[in-house]
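S.K.: So that we are looking at the same thing, I have put the structure below in structure tokens.
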Amino acid sequence: MSVYDFKSIEKKWQKAWDEKGQYKMDTRDTSKPKYYCLEMFPYPSGKIHMGHVRNYSIGDVVARFKKMQGYNVLHPMGWDSFGLPAENAAIKNNIHPHVWTMSNIEEMKEQLSMLGLSYDWDKEVATSTPEYYKWTQKIFLEFYKASLAYKKNSFVNWCPSCETVLANEQVVQGQCERCDSLVEKKELEQWYFKTTEFSEELLADLDGLDGWPEKVRLMQKNWIGKSFGANVTFQIDGSDQEISVYTTRPDTIFGSTFMVLAPESHLARDLVAGTEYEPVLDEFLAKMHTMTQIEREAADLEKEGKFIGKYVINPLTGKKMPIWIANYVLADYGTGAVMGVAAHDDRDNDFAKKYDLEIIPVIDEDDKMINSGQFDGMNKDEAFDKIIEKLEEMGKGNKKTNFRLRDWLISRQRYWGCPIPVIYCLDCGIVPVDEKDLPVLLPTDVEFTGKGESPLASSKTFTECSCPKCGKPARREIDTMDTFVDSSWYYMRYADNMNSDRPFDTDVVNNWLPVDQYIGGVEHAILHLLYARWFTKAFKKLGWTSHDEPFKNLLTQGMVLMDGSKMSKSKGNTVSPVELVEKYGADTARLFILFAAPPERDLEWSEQGVEGCFKFLNRVYRLVDELAPVAKLELEFGNLTKADKDMRAKTNNTLKKVTEDLNDKFGFNTAIAALMELINDLYKYKELEDRNDAVIKEAIKAVVVILAPFAPHLGEELWLMIGKEASVFDIGWPDYDKSAIQLDEVEIIVQVNGKVRNKINAPVGIDQDVMKNLALNDEKIKEFIEGKNVVKVIAIPSKLVNIVVK
């Protein structure tokens, strides 16, 4: 008997697929319905891990199955290749980021190829190549023209030791990840994308994303954070100046006894300028600059503040309210000012108790207004609107809808990112680079020290230029773009990646988008997906595309765990996919990762599970090898025995179940389990003396076709073994024979007091009373009910009888 030589089989078929161009897709071909299957592209770190294997194996089964169902399938892969790790490697190892990145891409591409994934590598993109980032720059310029990109001052993370700006991910527990120095806040001029332009659409359109996990939609809704309330103006005591506050609780304004400002707000600075409280603000700000936004928003944050010597007048009570600065108020939410209502807000309550500020309840336990003047006795919901009306009459407020969503800060003080294509001229101001001069290339004469401003500043050949408008000496922008910009539109470039005239052809993208199935980790459930959705809406506004959303269906796969923890190098609990493939083969690795758990759940690594899948594939190989001569024969079913009918029913029921499990349900583990059951039954059936070879042939073909999307190398090999010439993936996915699953008899379970005591065969469609009589008169059942009182008999048609006795 021949042996399952997975190494030669996998090498053979990978070579055959490559030579044939098996997975190439002409995206201008509209002869078949389209299906766009996409996994989130990786950062080229140099090594794939089991999380990659899981993500890409899931996508590969979907892509192969849809191809077999008759779709034109677009299944591309590329590289999210800009980013901080390459820059850190340049600093540490004295290697250029481009060299480091391209080397990693080649290594990872080779590793991915070992898995036999059905990628069209002709569609490959790498975001760090000029061929790609030229169009990222073009997109920036179009956003700038449409007022979707702008520049303003904002606070950034600043490391005084490295003398550089740090992204949030570079700040670990308030310290610089490079040198462990305490990180401060520093105000710099930064570039933004106007994400708030589409706040309403980003929120409303989530309701139409039925193919997304509910938890992801909820996370996005919370991030966008729509709220209803009022803008209220408080006059500063002894001044004509006013402070505007946004509140979601205008019904509590009679309980407002103090005002709190964000310490970094310009308003706080203006109020203390030239007073004895200016150094108080400076000292407090210095402390705030060592804290991250996450720390300041934490519910358990110890509230701290300082009085700044000013008061405002409550517009409805007329009372003076002291103005404080506090650590729990942020400058970028609302107006950076909060009216303190200690009786009805936990944070305000903690603050008021600490600093002995007045606490006035204005809503009782029955949600009725108290201590609220003319509004006393009203339900708080009625008072909500009435108080806003009162403020509007007084000219002290108005109804307001607000969003938590903020504009997207895209400036990064790094080298290894897409250069921002603008020039600064003393006479002309900000001047966009002319499109004919794109791409603005990253220079090679840079110094990577990890200190000071962006490494781009060290390149005179880059920074020094002429103004496109007046021709006078000017300087280039030295910030690069956030890498989320690159990954917000890559899925569109895949569809038309060789286009040298524009980012993509509108007709091509309108045909292929939205992506039919997107697959990736839940860690990207907020920012990446939100930015991709924003780009889609921005492109539609520009007239580049016609769709509203980028991804029709979304699967967020679970993590791969070992001993209950996520695999990581630091924990020493990783498994090398390369070593796994070398020991057991790619098909075994894929089968285990798909069988061990439903894709949306975490998967616990099991060496025994891997070995079990390897043994199963060996078992399938031996079975098909043994029965291949039968599968090649021209056969008719003829007269069928009950065993023949049962085997045919098993084959076709399995095909039916697998088809249903793969049709957008991701039931990979249950589909594989059904295949395993079919194999077990087929092993038994083939040993029958009066077996029907036509039934064998039907079952073997079903086994090979079902196995192929999960274990594609072995699927192709077995397809060839049973006498087929074309690729198994070029045939149509077979329909099951409905007549074969309509059995003459069904198996009925018989229980006594809820415990299974026997199984009996009965005609299909049997009457319930007849079922009960069959069960009561069964010789084995009589042993359990003899001498006892039958209380009742429950029958579930064609399935179960439960006899209750005392």
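Residue numbers for the sequence shown follow full-length UniProt numbering, beginning at 1 and rising by one. Where is the CB? At the ideal position from N, CA and C, for every residue including glycine.
Cβ atoms of SER118 and HIS49: under 8 Å apart, would you say?
M.R.: No.
S.K.: What are the uninterrupted segments assigned as alpha helix (DSSP H) that are 4 or more residues long and contained completely in the stretch 238–317, given in chain order?
M.R.: Those alpha helix (DSSP H) runs which fall completely within the stretch 238–317 and span 4+ residues are 266–272, 278–288, 293–297.
S.K.: With distance defined between alpha-carbon atoms, name the residue in PRO709, CYS418, LYS469 nearest to PRO432.
M.R.: PRO432 has its Cα closest to that of LYS469, out of PRO709, CYS418, LYS469.
S.K.: So within the stretch 749–797, which uninterrupted beta strand (DSSP E) runs reach at least 3 residues, ignoring any that extend past its ends?
M.R.: The qualifying runs are 755–763, 790–796.
S.K.: Apart from the five residues just before and just after GLU264, which ones in its own chain have a Cβ nearer than 7 Å to its Cβ?
M.R.: Cβ within range, chain order: PHE155, LYS185, LEU285, MET288, ALA331.
S.K.: Determine which residues share a DSSP beta bridge with ILE430 and list them.
M.R.: Answer is TYR424, bridged to ILE430.
S.K.: Tell me which residues share the same chain as ASP486 and place their Cβ nearer than 7 Å to its Cβ, disregarding the 5 neighbours each side in the sequence.
M.R.: Around ASP486: ASP80, PHE82, THR127, THR136, CYS418.
S.K.: Buried or exposed, going by whether 16 or more other CB atoms sit within 10 Å of the CB of ASN104?
M.R.: Burial call: buried.
S.K.: Quick one: give me the first and last residue of the alpha helix (DSSP H) that residue 807 is part of.
M.R.: The structure shown has nothing for residue 807, since the chain only spans 1 to 806.
S.K.: According to DSSP, what are the bridge partners of SER565?
M.R.: DSSP, once it has assigned bridges, lists MET562 as partnering SER565.
S.K.: Please classify ILE236: does DSSP put it in a helix, a strand, or coil?
M.R.: Three-state DSSP puts ILE236 in a strand.
S.K.: So SER154 is in the beta strand (DSSP E); what residue range does that whole segment cover?
M.R.: Segment 149–159, the beta strand (DSSP E) holding SER154.
S.K.: Count the other CB atoms within 10 Å of the CB of ILE253; is the residue buried (16 or more) or exposed (fewer)?
M.R.: Counting Cβ neighbours within 10 Å, ILE253 comes out buried, since at least 16 surround it.
S.K.: Can you give the Cα-Cα distance for SER372 and ALA383, rounded to whole angstroms?
M.R.: Distance between the alpha carbons of SER372 and ALA383: 10 Å.
S.K.: Only counting the same chain, and skipping five residues up and downstream in sequence, which positions put a Cβ closer than 7 Å to that of ASP496?
M.R.: Excluding sequence neighbours, ASP496 sits near THR27, PHE504, ASP505, VAL508, VAL509.
S.K.: Do GLU464 and PRO514 count as a contact pair if the criterion is CB distance below 8 Å?
M.R.: Not a contact, by the Cβ cut-off of 8 Å.
S.K.: If contacts are defined as beta-carbon pairs under 8 Å, then CYS176 and GLN170 qualify, I think. What distance do you get, rounded to the angstrom?
M.R.: Indeed, because the Cβ distance is near 7 Å, the residues count as touching under 8 Å.
S.K.: Rounded to the nearest angstrom, what separates GLY520 and HIS96 at their Cα positions?
M.R.: Cα to Cα, GLY520 sits roughly 30 Å from HIS96.
S.K.: Enumerate in chain order the residues of its own chain whose CB-to-CB distance from ASN758 is below 7 Å, with the five nearest sequence positions on each side excluded.
M.R.: Same-chain partners within the cutoff: VAL750, ASP778, LYS780, ILE781.
S.K.: Should ILE224 be listed as close to the ligand MN, given that the test is whether its C-beta is under 7 Å from any heavy atom?
M.R.: Among the components of this structure there are no ligands whatsoever, and the ligand MN is therefore not found.
S.K.: Going by CA-CA distance only, name the one from ARG406, TYR736, ASP18 that's closest to GLY225.
M.R.: Considering only alpha carbons, the answer is ARG406.
S.K.: For GLU477, is the classification buried or exposed, using 16 other Cβ atoms within 10 angstroms of its Cβ as the cut-off for buried?
M.R.: Buried, since its Cβ has 16 or more Cβ neighbours within 10 Å.
S.K.: For VAL624, which residues from the same chain have a beta carbon less than 8 Å from its beta carbon, with the 5 sequence-adjacent residues on both sides left out?
M.R.: For VAL624, where only same-chain residues beyond five positions count, the Cβ hits under 8 Å are ALA631, ILE700, VAL703, VAL704, LEU718, MET721, ILE722.
S.K.: Determine, using beta carbons only, whether ARG648 and VAL695 come nearer to each other than 8 Å.
M.R.: Yes, the pair counts as a contact, with Cβ atoms nearer than the cut-off.
S.K.: How big is the Cα-Cα spacing for ILE313 and LEU206?
M.R.: So the two alpha carbons sit approximately 41 Å from each other.
S.K.: Leaving aside the five residues before and after SER798 along the sequence, list all residues of the same chain whose C-beta is less than 6 Å from its C-beta, in chain order.
M.R.: Closer than 6 Å at Cβ, skipping near neighbours: VAL746.
S.K.: For the beta strand (DSSP E) containing ALA337, list its first residue and its last residue.
M.R.: Segment 337–340, the beta strand (DSSP E) holding ALA337.
S.K.: Could you say which of LEU188, LEU166, MET25, PHE143 lies nearest to ASP122 if we only look at CA atoms?
M.R.: For the residues LEU188, LEU166, MET25, PHE143, the minimum Cα distance to ASP122 belongs to MET25.
S.K.: In whole angstroms, what separates the C-alpha of PRO361 from that of ALA352?
M.R.: Near 13 Å, if we compare the C-alpha coordinates of ALA352 and PRO361.
S.K.: I'd like the span of the alpha helix (DSSP H) that includes PHE65, first residue to last.
M.R.: Its alpha helix (DSSP H) spans residues 50–68.
S.K.: Within a Cβ cutoff of 7 Å, which residues of the same chain sit near THR275, ignoring the five residues on either side of it in sequence?
M.R.: Excluding positions up to five away in sequence, the list reads GLY309.
S.K.: For ASP479, is the classification buried or exposed, using 16 other Cβ atoms within 10 angstroms of its Cβ as the cut-off for buried?
M.R.: Per the 10 Å Cβ criterion, buried.
S.K.: Taking only the alpha-carbon atoms, compute the straight-line gap between ARG590 and HIS52 and give it to the nearest angstrom.
M.R.: If I take the Cα positions, the gap works out to 11 Å.
S.K.: Kindly indicate which three-state DSSP category PHE448 falls into: helix, strand or coil?
M.R.: Note: PHE448 maps to coil in three-state DSSP.
S.K.: Tell me, which residues are paired with LYS185 by DSSP?
M.R.: Paired residues: ASN157.
S.K.: From the DSSP secondary-structure annotation, give me the bridge partner or partners of ALA474.
M.R.: Answer by DSSP bridge pairing, in chain order: CYS465.
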